[in-house]
Every structure is written in structure tokens, then in C-alpha cells.
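Undergrad: Structure below; questions to follow.
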Ligand code: FES
Ligand code: FES
Ligand code: FES
Ligand SMILES: [Fe+3]
Ligand SMILES: [Fe+3]
Ligand SMILES: [Fe+3]
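Protein chains in written order, with my numbering: chain A, 131 to 312; chain B, 131 to 312; chain C, 131 to 312; chain D, 147 to 577; chain E, 147 to 577; chain F, 147 to 577.
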């Protein structure tokens, strides 16, 4: 099994969270999606821990026997590999008024589904979800991206949880301009 | 913040509903989606209050400093702006056998996600959700529309709730033929 | 009402499951989606009963007065109509290393939404859900399929439930190569 | 079309016959489409915007002339300028907003800046990079050379030698168009916003439909319960391809569509219309009139009004820009009734609109192969029954259900296609 | 292909060489595609439907001839009529259902109504609008001028001067095709429904594949564990491009694919086949035979049977229409086994089908650039080793793994391309 | 472009003028695109891969030369072979993985097998089907006839008579390119993986941009707070269309972009660069240099380095393949800083990259109609101010903000377009 798939499936060996916690985490992710789609970036940044590790590796078409290498490992190229300063830089950029790729802004819609939650080794939660990112801009252009996210949440913040790690497994190998956050 | 975004985010200052109510409202919205996708229009109309306010404003690409006007205000053009008579007229039309744009009918699939519920000022509920409307018809044509809905529900009806207001924030500025309901 | 729609709406005359059961079934379907998207086919096959009836009928554009025949009945052509041996044969094929349509494999993402659960006549559950199957492969190709699923679950297996019947109502009449499972 | 059949051979043939038959290739042939962009659209007056959309200096509306992006901008002196929305440096779109207010347009690629009139006012590195040698006065945005406003409707043309817009309309069509824009003192204004949607069909299906096709109404719009439509009415076709058609004596028909209040409104304004335009115009307005200005401007007048443009987006796709038009002097509740009524009937979700689109897009789709497109379509209705003696109506007219304007539309289109593109200096730096 | 290289230059060249090489542009050149719609498809017999799909008067099936929409309708007198699914007025598709039963077809645009034979029977406003002058007898739906049924298979052609279908097949191919449709008393019928799916490749990849390519089976279908296929067998290619290929002595091979019951069924019917068609036919049917009628009809016969059409949808896309065929006299459980078996193997989800599609679509994709398409593909297998002395088999045949039918397919295709489009009166109102 | 205007007429005109104006049709005309695939791409040296991507025998990388699929494979003897990724039998793509290691490539259609050098080594049914008559030595994969490696960069060309890669570059451009690939002992290597994304614009917008457009940086990349860029610098354009541009004296600029450590790294290696390439090269590397090898290879050098190819995917789309390049001798933390920095700035999600793409794609979109494309774009910056006396810099150079390389790029492009396609034996079986 590929590193990436192993990674996203890791949670399955952990203790599942109960229904209440699933509900709570769902609302948290929906809140995140809402602020992102409303371009409320301060709200969004406030959902991450200071040591957030936000990453989305590149993926490849590989031979059957090399499927284990179909998702890039650490140290190889990623689409995103940001710490908090990096995310803030992206946000500042968009709000600078000079980020032409987002002026006028994309109208995005994050659909978050298949949310599953496990207890981590400490008081953290391991969360898997599927997403579809619908995006339209300027004319009739529509792009639809999809994939899975594996988030690690820790207690904190006004919404009860903060994201400490986000691992995004985008389904595409070749992408379009990634001027939006996932 | 634009009027429309303010509108859809309004609920965030309200008291969140509990898990049980979220569950109940989710089922209500899924039921609505199911009857709509099955073309059971009487069932669908029965889910609205007599004073339903059903609207979907037009949207625009605007300059960065004019983002507040990116969604049309009341009094400007809307894609939908219907009362119950208006909705019934649409339904009657489709069932007339002469609504050529729906003969043969679209095969639609409403995917409702990111459901969040708050208590309104009275016994109403304020509900936000994201949707993706998948639609295929005749040949291999597929259209995918997406957006957010802000519904106001009040107690009533056989399913426990009725929709008193529906505000749809479609993500497109330029659309296709909108012969289906959202 | 068409046979197919009747079929998928059948559950509505049954006793709805409670929130806890809805939660449990949701997790079960998300687990299924996860193993399918991770190509863990043994895990996937283990989610079905030995007498699984897995089917997806063909659909047609019909005249207004012939909408009842818009979905193929039993005995007509189906896209899928498999028993467990049939599903296993598909899985074995993909893993043979010679299933060229899946070498390199599709990167799929099953988004499962609108999950509703009812108690069946025995200790089974009747489950309706909507799905969107996002699929990308090789280059920049993306295909998006959508539809509804009506599953019958019975108690059993390490995950609490097993699928005894799956009826898939795909929204397309004309499809692409269906080398993936839904 | 046989592959690579020379365009000249096609044009020499009878694309538009004198017998009322029209070759279907005019709707689906890619080469004819590229040619009509130049021969038809570059030579014609094209609708840009309504004056009321851009009341203040710096207000702009981004539209297209055919498929070329154009900015329509209110100038400080109150005039309207239109210019190609494409930087003269490397061609970037200088404004990517649909609508707004701006003092200047700064290109996001290298920063060339144009003022509201399109003049090039700033070039970064002008001294170090260009050594001060670029003649800025020659590198302003390409202006639409002729822009005219007709009672609130702003039109422009790329053809410097075009007749005035009024001459282009012709005296007769002016009178018909006035029943839309000049029926009340104060003229018209548009409701805020634009309905935009795409239909996968050639733009001429929309254009010819609004210019000349009342005939489809009963069948196409059967779902909204119009019942039997009035059986009296006329249609008019102008030499340059414009046209209109209308019922007379159909006032009660509006009760169903928009309610009593619009009927009462019409009854109240009928004397004013008669006074301004004559009794025939009041008749015309009393029931629904469709109409269009060649090539791609369309309107409906009557109790409620809409104006629109069929923007070509390739041979088999168009984008509709549609506005709701109201008399400026109408009371607020009538404006509101118009807004809601036209939105319900004639927007992308419109209960009448949808079925027009279904017909047009299926006509287009049927022509993908090689056989259907060989069979001409029929514009023979009322052929030989034209009259020019109907009291109060200018020009040659025919029975409301007929193809008189449609034949005129295609005849004029064919004439322009034979004339071919504008002769124009190409590639110079003078804009 | 050099841009704008004149089509004539291309056609004069050796698109299909006498050395068994085929120019890849036949699969990817847009101009050649437009020409083949006219020169190949309009001149050939095209499969429309199976008789059993439309048993009752008014039953219709909507299909396409190449990419033109056609309605196939059972008439009151039991005959079958086929007509262009496009209104003669402005071209609207008159029927948008895939299948059904109707007494008449009313166009949704202006309401012209055609009866089941395509006759124009009602025109709204005929008196007021048309002044009774439209000759309705000349404006019926465009009929497919020649429709013939061969043992349940309905074919049609646009070419009025075409040979009869049987002459088009040729005596030899008739015999081979009979192993599909005439192996038992009572003939065949189709299971309800049609599998339809699209593959992004030129239609000829499917067509030539079923006509002549047994060679791919072991490699392409390795995943289903066929193991080594029989090594004895033959293939046949007809002068007009039809062809077939089959193993002999491969009966045990079916055990794996469809189970014991179909093998037993075959053993039971073998004497009947021998009796009807000769021992060679029984041999042929005993193992899987592929085959096709030029240009785009294909079939598989053997223990289970399918028929299909490769509908062109542009130069790089086709839509497959596929049916499961059964002997009418077969017991219900054999029909059911066929239905399930063919669905599993040869539908869009088919375990054999999928991998054919993968190969065909990647062949297409590889030709996007300019270099790969310059290198011809190879049809040299078995070149010069044809025989006409195989007992019981009509015509010139070769070893089952070979390119004999493929060469014939392309040779006949090239001949039609050189001949060019049908000469036909165009644009008259006579349909 | 007028429809069907003969290509020759267009080419005789001034697509690329001597006055620094370029006809926009070079970016949007479909026929010119098909011609440039042959006339430009088939005659030029095209980047294939970096040596470090395929270190071991059997390592392969699947790329494209323009839009033709090509496999780049490390041979047992350490050399690199490139071959068309298309089976010689019926054209199937023989390898559908992006990258990997393989001893041989077996076609999934009929099983022809090629070894790592492209030799055809196995043909199923060779005896029974082909009667042993197929000359396998003539049916290997089509080899790219010329492949050369320049300091780690592997290029190939279809033109057997092309000059060597070094001659193609020219002595001057070699020196500039060495500031990318030869600045330290040991040369360079790439970080694992490739960034791939598509932009809906003509490939020349990317290519010319990296070859000659420093001018856009301040405006296009204003969002990342670069502030005022250095005002000193030069650009160079080679006779065969290559080019580069760079600031000098801009070292502090890097602090913001990549942090102190890369600045320190540069200070440390500056003496080595000076020693290897001269002080001018050290200057050049100290700040950001853009550059490109005609037609579609591009790079950035300086504190961090990237190499990329603009793969044409139709006239209005390109796919970018982009790598992060590092000095082999750099310490791990500098390689890591490069990887993260270049990913943040110059991948599909890159904070600089995104805005380049926005400009390019909107330039493309603006040309859909007929008017904008008639107005040439401007490459006049610095025209007539070229110098060849800048100490340390080979060749004719100009001020860093200028169009000197852009003019050279288009002039050479136009020259190749006039020359037309390679004369080449077509259709033979010799590969
Ligand atoms: S393209 Fe507008 S400034 Fe360069
Ligand atoms: S198009 Fe059929 S009636 Fe007019
Ligand atoms: S196409 Fe490769 S072996 Fe036939
Ligand atoms: Fe209409
Ligand atoms: Fe096959
Ligand atoms: Fe840049």
C-alpha cells in the first residue's frame, strides 16, 4: 500500500469517536468550509494551531507493481507544504488586492462528506473526510477538484478544536491553477 | 461583506441547535431532495409554508473594492423569486406534459452537505447547507451546479418542519437553462 | 411511478431508524467508500453477505406518458447484476495486473451524502443515499457520475453490518467505461 | 458541407433562396461562422448597454460585440465611450469585472494604464525601457469608432462608414422600436442586474426567432396555459433585416400573465401612447410584441418589456444578456410587477424561456451529422401575401403568423456575407 | 497532416496501401471524418434496429445513422419505416424519447404533426398563415429511402441506387452472418434494453476490430483468465469490407465463460445448425466468432450472442449501441444466462469490453501531435497466405489470427472515399 | 483570420514584423498551430528530462515532444534513448505510467514487446500468424533520432540533420545557460517529482515570457510584496530565439523570497561561480535570472532554480512540466529550502505562478472573436538600443526591461514557419 493511502487509512487502527464527537467535528469542518467559501480568511487562519503542517503531495500514474510510489513522499515535490506563516502569506497575498488570479475572486464551494473521527494517541482527534471543491470564476468556467483529507485536531480555540495537521490527497495528477485553499 | 454572504452567515450569531435537531433537519432536507429527484412535486410543495419566500439572486464579477455588490440585492434581478403560487405554477407547468425543457425530464441528483442548524428568534430554525445539483438529460449532457442554501424552517407538517424562506446562493454568474428546482 | 423510483422510495413506508443507527450506518458506508477508493478490495468484498444482489439497471429517455418505463426492469439489460462470485471476479480481474482499463488505476472518490435509514421487516435496515463518484485517470480526464443507492443491510461482520442488496440508480442513460465499482 | 468545400462555392450557391428556403449550413458551418463575425457583426450596429446602467462618470459595463470583449464607459462629459477590453501591449483583458466604477484601467500584466476614455496614460519603465520613444497617443485602447444612443439604447459599430443608427434602422423600424422605448414621457430604464445564460445553439435561432417568429408561441409555450392566443396581428420586416410582430386586441391575455394591475396600467397609459405614437402603436403595445434589430438585439414590448442580446460564442453556442425594461414614469409597483413577471417568464429559469431554449438547442444538435444539414429549413409562411396598406402601420407587413421578417433577416444576412469583411488597415499601431 | 493540405492530395496518396499499411490520418483527420460521413455512411447499409424491438404498430426506436438522428417506426401494415428525426419546418428533433410507442409525432416548436409513416398531417395556422399553399405532401419527414430486414436485422441506406442488402452482403457473407441470425428455427430476438456508452476513439477502431481482429484476444483480455485460446480457426473478408473470424474446436473454452449449461445447449442445437447451415457453421458457432457488416455493424456469435453499432460522434468519439441477442427458440434459462453473461462481459461494465476501450482510446489519444500520426499502422499479418480451398467455408479465408478482413475493410473504405459523396438533388422540398 | 484564408497568404504577410509588432493570430490560429507542430517543434531541440531523473538502467520518464508522447529511457550502457510511445502495430501507447523502471514495454493490445532501447523483441503468433515474415528489426519503436545531454539536461530532436545541441544553442547562449547548470562542481540534479498543470493559453505565452519578459514582474507579482525590483540588469537574445534576462546587484532581494540561508549560500558559492564562469556570471546568478531555450524550455536561476517545459496541448492550452533544480554540491538544507521555496512560488499553487497564468489565459480568451485578434501586440521596448559592449556579457544585449529576446523569439519562429515542415520519408516501415 502506498505511503499516502497508508497515511489516510491510519486512523482505522485507532479508537473511533462517538456520535457526539462526530457531530462536533462535522460542524467544525463545515464551519471551516463556510469561512473559506466566504473569503473570511482571518477566521480561517484562526482554526489552525501555530505549528500547523498543511500539505498536499503530488501524485503519479505508476506501473501496477509501483503503486506504492503513486503518491509523492516527503522530500519530493508537493502542491502545498505550508506552515502557519506560509498560509498567512497566501491569505495576505489574496487580500493584497494584487492577487490577479483571485481578482475577481473564485466562487468556491467546499462540499465535505464521509467524515470519520478517531481518538488519537493524546487528546487529539484523527479525522478523515472526502471533499469536492467546486469553483467558478469570471465566465462560465467551472473546475471540480476532489480528494480526501486527513486532519489531526487538538482541543482549543473558540470552536473547540484546532487543526494541527492537514494532509490532502488530491485525486488529480495534473492540475489547474491552484489559487484556492482546500 | 456582501449582503448575500452576510445573509448566509447570519446564523452564526444565533444559538446552535443540538445534535438531535441537526439529525432531524438533515433528514428533512434529504427527504426534500429525494422527492425532488423523484419528481414527486406534490410532496415537495407540501414542505413549504403558505408564505414561502423562495429566492436565488443573480451574481456578478466585481472589482476587489466592490465585492460587497457581487450578489444582487433585493429589487435587482434574481434567478428565482417565488411565492407559493409561483412554485406551484412551476410544478403545474412541468406536469402539464407541455414543458418541453423537461420532456423527457432531467435526471437530477441533489447532494446536500455541510448542514448546520441554529435556533431562530422564535421557534424557527436557521439552516445553512451546501449543495451540488447533478443533472443529466437526453444524451450525454451533464451539468453540475453548486452553491449554498440558507433555509428558515418552522414547526409543522407531517415531517415536523416546513420551509418558510429559502435563500439560494448559486455559485455561477452565467448559468444554463434553469428548468429544475434547487 | 416507475419501478425504480418506487423501489428507492420504498423505505418511506417503513419505520425510520434513530439518530444512533443513522450515525452507525453512515460510518459503515464511509468505511466502504474508503476501502473502495483505496483499492482495498478484500476489505470491500468482506462487507457483503454471501447472497449479495448487486445491480444497476439501464435507464432511458421516455415519453412523458411512459415515464414508468424510464428505468429498466428485471430481466432487461443492466449495467451491473452481480452476485458475490461476480463481484469477486471483478476484483480478481483488477488485481490480476492485466486489467488494462485500470492499469494504471483510476483515482476515485466516492462522496456519500443524504443517508437515510429505515428498519426493514426483519432485523435488516433499508438505506437510501445519494452518491457522486469522481474519477480521474492517466491525464487530465475527469468523469463525474452520480445517482442514488438503495442498500439493504443485515447485522453481521466486524463492522456491525453487511450489505445484502444494493440497487444503484445511476443518473446517466449513456455512460463511459464502467471499470469502477459504485 | 463537403469537407474543404471552398467558401466561395458555398457563398455563390443559394444559402438563402428566393423561394423562402434557407440552407441549414448557415446555422452549423464553422467557416460560415468565422466569416459572419467579420462580414455581419463588424459591419452592423450592435447593442452595447442601456444608458441607465451607467449613469455616473466612470461607470462601466463589460459586454461583448459578437465575441470580442468591449468596455462601455460613461465619460466625464456625460458621453459614452466603448473600447476593446484588451491591452494594446500584449493583449491582456484590462478589466475583468462585469460592472463597476473606475477612474482608470490598469493592466495586470505589465501595468499599462488607460483612462476612462481609453487613452494610454501610464507606461511603467517608460524612460528606462522604452527610452521615451513609445508614442502613447497611438497605443490607447482600440475605440469602437461609432457609438450612438437611441432613446436610451446604446449601440456601436466597428464600421466607420456605417450609416447613422437611425438610418440603419430606417424610418419604419424607428416607429416600431419607439413602441418599446418612447411610449411614455421620460423614456425607459432597466432594472438593476443582467440575466446571463448560455444556450447551445447558433445565435441566429434566437435572433430570427424574436424578429419574426410569433408562430411558435402556442405550441412552444403551451405549458404556461396561454390558451388560444389572439388571432389578429401583424408582422413587419425591414430591408436591413430588422423586424417585429404583434397581436392586436389581446389585452385580456395579460390578465393571466401579469395580473390585473398591469392591464390597468396599460389602460391608463394608452392615451399617452396614442398621443405620442398614434393609435396603431397603442394597439401594438396592448398585446405582446416581439422584435429585433439586426443582427442580434431583441426585445419584447407590451405590458412588460425586456431587451436582450444574443452573443455568439462559437457556431453552436450563444450567451444571452437580458434586461428588464420599464417606463421611467411607471409607478414603483408596476416596475416591481415587471421585474418579477419578466424574471418568472423570460430569464434562465423563465417558464416561457426554457422551452424556447429546448427547441433551439435540439435544432442545433440535430445537425451534427451530414444528412439533416442538407435539408433546408422553411420560411415560406405568408410568402406572396405581403401588404403595405394596413392603416397606421408603416412599411410592408404581413399576418402576425408568418415568415416575412425571417425571410428579410436571412436575405440581409446573405447580402452582407457576400459583401464580405470590412476593408481595413490591419496591424498598424494607430488603434 | 500539413494544415490545409488539400483533401484531394491526401486522397490521391496511399491512405490505404497495397502493402498492408494504413495511414493513421484515417483515424484522426477532421476533414477525412467529414468526408466519410458522406462518402462512406451515406452510401452504405446501416443497421437500424432488431425487429423484436418494435413488435407493435407505433413502436419506435430512436437511433442514429452515423451521427444523423433517425426514427425507426413499426407501421400499421407491419412494415418498418425509418425517417430523419428532424422537423421539416425549422429542423427541430420531433421525438426526444429513446424508445416508445406513438401514433404521431408532434414537433414541440410550432406544432407540425407527422404520422407514424412520416407524412405531414397537421400544420397549425395552415389557412391563416400559409393561406393553404404549403404542399403538405412534400414536407413530410425525410424518409430513409431504402429499408430492408434481413432475418430480424433491419438495415437502411440513404442511397436509393444501392444494391439490395443481400447483394451488398454478398452470398459468402450471408452464410457467415446466418451463423448469427439463422442458426435455429424462429431466428433471433433481443433482450429488452440497449447498452449505450461512449468511447473516445474513432469508430473504425471498433468496426475493424470486430470485423478482423481475433489477434488481440489473448493479450487484451488476459485479465479474465481465458488462458491460451484455441489455435485453430479462420477469418474471412468480403469484397465490400465485411468480415468475420472464429475458432474451431473451442467448445470447452465456453465452460469457463458461461458455465456448463450453455455448452450443453450448444451440444443440443449443433445438429439443428448442421442441418440448416452445414457442419462448418456448427463448427464456427461452437467457439466464439466475431464479425461485422461494413461499415459499423458488429456481432459476436457462439454460445452467447451480441449485436452492436459503432455510432460515430466526431472524429475521436463513438457511441456504442449494444444488444444481447438470443435464439427465439432457446429455453428461458439459456436466454437468461446469455443476458447475464453478455452483460458481464460486453457492456460498459464488461470485463472484456473495458480493456478493448482502453486500447482504442489510447490509440486515439496518441495521435494528437504531429509525429505519431505520420507513422502508418500495420495490417500485414498473413498477407499473401490467403486460401480459398477450406472445406465448407465460402470465399477467401486466412488463419484466424490475421489481418485479411482488416485489409479488406480499409481497402473498401478507401474506394468509397475516392468515389466521394452521393450525387443528390439538394435543397428541394420533396424530402 | 478570414475563414479558409490560405495559409500561404498568411505566411507571406508580416506575422512577425520588423517593426516589433506581432500578429496575434500566431497565438490563436488553429492552422498556424498545426503547422508549428511540424515546422517549429519537429525541427528544434526539445527538452526531454534531467539526467538525475533516470539514474538506473531501465528507468524511464514519459513525457511529450510538443504533443507527441515520448519515452525517455536509461539504457544498460548508461546512455539515454528516447522513442515515440506508440506501438508500431496499431499505434497503442506502449507505456501508460508517468515514471518507473521497466526491462521491456509490452503493448496491452496484441502483446508486441519492445526492449528498453525500443527494439521489437517479441511478436505473439509470429510463426502461425505472420509466417515469420515480419522483419522485426524494422518495426521497433520510432526512435528520436538525435538525443544529446548538455550538463544534465537531455534534449532530443526529430531532425536528423539538425546542428549539434551546442551549435543550436550557440556559444553565447551556452555561457548564459551555464549559469544554471554549471555554476558548481558536480552540476545539478532535480528534486523528486514533477509539477504538472494546465493553463488555457498558447504555449508561446509561457515560452516568450520566460525568454524575454522581466518587465511584467513588478505588476504581475505585486501581491507577494516584492516591492521595487532592482533597476540594473540585462537581457540577451540568441539568433535562434533563445534568450535570458537578469538583474544584477539584487542579492538582498532574496532575503524576502527565500530567507537568509540562501543568501548566505550564494555568498559562499560566488567565488566558485566566478572561478568557473567569470565575475559576470556570478553577478547574474546573484539575482533572479529568467531564460529559455527555443522553443519551449525555460528556467530560472539565482538563489533557487527551476526548469520547465511548456507542452503544447492545442492552440489554446498548454501543460507545464516543472522541476526544482539544485546544485548537486549544495548542502541538504539549501536543497530543502529550494524545494519548499520554489514549490511555494512556482508550482500550480505558486504565489508568483498563479498570476502569470491569469494573465496568459485571459490574453488567450480575449482572442475568441474577430476584432481583437486583428490588432498586433507590441514588442518594441528597447528597439534600436541593443549593445554588444557590456563587459563580461557575450552577444548583443539590452536593458533588462525590454523586448530584445521576445523579438528574437518571434523572428526565429517566423523563419521556421516559412521554411515549413521537414522533408521526410513517410509511411515506410523503417521507423
Ligand atoms: S499586456 Fe497589458 S501591460 Fe502588458
Ligand atoms: S420546427 Fe417543427 S414545427 Fe417548426
Ligand atoms: S497495437 Fe501494440 S501490439 Fe497491436
Ligand atoms: Fe418563445
Ligand atoms: Fe476484445
Ligand atoms: Fe512571472
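We put the CB at the ideal spot given by N, CA and C, even for glycine.
Please read these numbers as outputs of a predicted model, since none were measured by experiment.
(1) For a test of the three-state rule: what should DSSP assign to residue 476 of chain F, helix, strand or coil?
(2) Roughly how many angstroms lie between the CA atoms of residue 565 of chain D and residue 515 of chain F, to the nearest whole one?
(3) Residue 447 of chain F lies in the beta strand (DSSP E); which residues open and close that run?
(4) Against chain C, with Cβ distances strictly below 8 Å, would residue 258 of chain A count as a contact?
(5) Do we get a CB-CB distance below 8 Å when we pair residue 236 of chain E with the residues of chain B?
(6) Please go through the same chain and pick out, in chain order, the residues whose beta-carbon is closer than 7 Å to the beta-carbon of residue 136 of chain C, but skip the five residues on each side of it.
(7) Would you kindly work out how many angstroms separate the C-alpha atoms of residue 220 of chain D and residue 336 of chain D, rounded to a whole number?
(8) In chain F, which residues lie with their C-beta within 9 Å of the C-beta of residue 230 of chain C?
(9) Just to make sure I have the definition right: I need the residues of chain A whose C-beta is within less than 9 Å of the C-beta of residue 216 of chain D. Which are they?
(10) Need the endpoints of the alpha helix (DSSP H) that residue 365 of chain D sits in, please.
(11) If you count every other CB in all the chains shown that lies within 10 Å of the CB of residue 245 of chain A, and 16 or more means buried, which is it?
(12) On the DSSP bridge list, what partners appear for residue 229 of chain F?
(13) Return the first residue and the last residue of the beta strand (DSSP E) that residue 237 of chain B is part of.
(14) According to the neighbour-count rule (16 or more other Cβ atoms, all chains shown, within 10 Å of its Cβ), is residue 312 of chain D buried or exposed?
(15) So, are the CB atoms of residue 512 of chain E and residue 389 of chain F less than 8 Å apart?
(16) Say whether chain B places a C-beta atom closer than 8 Å to the C-beta of residue 517 of chain D.
(17) Using 8 Å as the cut-off, can you tell me whether the segment 431 to 447 of chain E makes contact with the segment 276 to 293 of chain E, which would need three or more C-beta pairs spanning the two stretches below that distance?
(18) Cβ closer than 8 Å: which chain C residues qualify as neighbours of residue 192 of chain A?
(19) Could you name each continuous beta strand (DSSP E) segment of 3 residues or more that falls completely within the segment 280 to 368 of chain F, going from the start of the chain to the end?
(20) Note down, in chain order, every chain F residue with its Cβ under 8 Å from the Cβ of residue 107 of chain D.
(21) Quick one: residues in its chain with C-beta nearer than 6 Å to the C-beta of residue 439 of chain E, no 5 flanking neighbours on either side, listed in chain order?
(22) Quick one: give me the first and last residue of the beta strand (DSSP E) that residue 313 of chain A is part of.
(23) Quick check on residue 255 of chain C - is its C-beta less than 8 Å from some C-beta in chain A?
(24) Given a cut-off of 8 Å, decide if residue 243 of chain D and residue 192 of chain B are closer than it, judged by their beta-carbon atoms.
(25) Is it the case that the CB of residue 255 of chain E approaches a heavy atom of ligand 2 more closely than 7 Å?
(26) Which same chain residues end up closer than 6 Å to residue 262 of chain C when comparing Cβ atoms and leaving out the 5 residues on each side of it in sequence?
(27) Hey, would you say residue 544 of chain E sits closer than 8 Å to residue 561 of chain E, going by beta carbons?
(28) Are the beta-carbon atoms belonging to residue 275 of chain E and residue 527 of chain D less than 8 Å from one another?
(29) Assess contact between the segment 277 to 290 of chain A and the segment 248 to 261 of chain A, defined as three or more Cβ pairs (one per stretch) separated by less than 8 Å. Is contact present?
(30) State the Cα-Cα distance for the pair residue 413 of chain F and residue 454 of chain F, rounded to the nearest angstrom.
(31) Are any of the Cβ atoms in chain D nearer than 8 Å to that of residue 306 of chain A?
TA: With the given structure in hand:
(1) It is coil, neither helix nor strand.
(2) Between residue 565 of chain D and residue 515 of chain F, the C-alpha separation is close to 20 Å.
(3) For residue 447 of chain F, the enclosing beta strand (DSSP E) has its first and last residue at 443 to 447.
(4) With respect to chain C, the C-beta atom of residue 258 of chain A has a partner C-beta closer than 8 Å.
(5) Residue contact check for residue 236 of chain E against chain B: no CB pair falls below 8 Å.
(6) Residue confidence is low: residue 136 of chain C scores 39 on pLDDT, short of 50, so the model does not pin down where it sits. No coordinate-derived value is stated.
(7) Distance between the alpha carbons of residue 220 of chain D and residue 336 of chain D is about 16 Å.
(8) Listed by position along chain F, the residues whose Cβ is nearer than 9 Å to that of residue 230 of chain C are 242, 254 and 255.
(9) Contact of residue 216 of chain D with chain A by beta-carbon distance below 9 Å is absent, the smallest such distance being about 15 Å.
(10) Element bounds for residue 365 of chain D: 363 to 366.
(11) By the neighbour-count rule (16 or more Cβ atoms within 10 Å), residue 245 of chain A is buried.
(12) Paired residue(s): F:217 and F:289.
(13) Looking at the DSSP string, the run of the beta strand (DSSP E) that includes residue 237 of chain B is 237 to 249.
(14) Burial call: exposed.
(15) No; because the gap between Cβ atoms is not below 8 Å, this pair is not in contact.
(16) When Cβ-Cβ separations below 8 Å define contact, residue 517 of chain D makes no contact with chain B.
(17) Touching, no.
(18) Here the neighbours are 234.
(19) Restricted to the segment 280 to 368 of chain F, the beta strand (DSSP E) segments that are unbroken, complete and at least 3 residues in length are 292 to 296, 299 to 303, 334 to 336 and 341 to 345, listed in chain order.
(20) Examination of residue 107 of chain D is not possible in this model, given that chain D is present from 147 through 577 alone.
(21) Taking residue 439 of chain E as the centre and dropping the five residues before and after it, the same chain places the C-beta of 388 closer than 6 Å to its C-beta, in chain order.
(22) In the structure as shown, chain A starts at 131 and stops at 312, and residue 313 of chain A therefore has no counterpart that could be examined.
(23) No, its Cβ sits nowhere closer than 8 Å to a Cβ of chain A.
(24) For residue 192 of chain B and residue 243 of chain D, yes; Cβs fall inside 8 Å.
(25) Answer for residue 255 of chain E: yes, Cβ within range of ligand 2.
(26) Closer than 6 Å at the Cβ level, and outside the excluded window around residue 262 of chain C, lie 241 and 276.
(27) Taking 8 Å as the Cβ cut-off, residue 544 of chain E and residue 561 of chain E do not qualify as a contacting pair.
(28) Yes, these two residues count as a Cβ contact at 8 Å.
(29) The segment 277 to 290 of chain A vs the segment 248 to 261 of chain A: in contact.
(30) The straight-line gap from Cα to Cα measures roughly 26 Å.
(31) Using a Cβ-Cβ cut-off of 8 Å, residue 306 of chain A does not count as an interface residue toward chain D, since no Cβ of chain D sits closer than that to its own.
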